[in-house]
Amino acid sequence: MFEIWETSEPARLISDAGSLKVALEKVDTMCRLRHDQAVAHIGEAADGYHFEIRDHDGRALARLSYVPDTTRAYTSVVVEEMRGEGLSR
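Using my numbering, read the sequence shown as starting at 1 and increasing by one per residue.
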């Protein structure tokens, strides 16, 4: 079991996931949402957004800082190598 946290102040649990692959997809979805919000001028995060994927013991396995670039379309933050079947746990 994995947990997805947005660690910007205040930190909050976003979701959970049964595999690392699903957790990565959920982080990507949150970044897409933040990008869409920035394009629509909803909310402001001067230093961007910060996410963590944590294991069942609460240890951070991955961290991502994301700053939306509203001058272009959203590009996935998850590269193809990260989506591979070898990452499922």
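Glycine included, each C-beta is placed from N, C-alpha and C at the ideal position.
Contact belief for residue i with residue j at Cβ below 8 Å, rounded distance in angstroms
i	j	result
Ala-23	Ala-17	4 Å
Leu-61	Arg-72	With 8 Å as the limit, Leu-61 and Arg-72 do not qualify as a contact, their Cβ atoms being about 29 Å apart.
Buried versus exposed call for residue i [16 or more other C-beta atoms within 10 Å across all chains shown]
i	result
Val-79	exposed
Contact check, residue i vs residue j, beta carbons under 8 Å
i	j	result
Tyr-49	Glu-6	yes
Met-30	Ile-14	yes
Leu-64	Val-27	yes
DSSP-derived helix/strand/coil call for residue i
i	result
Asp-28	helix
Ile-14	strand
His-50	strand
Arg-34	helix
Ala-23	helix
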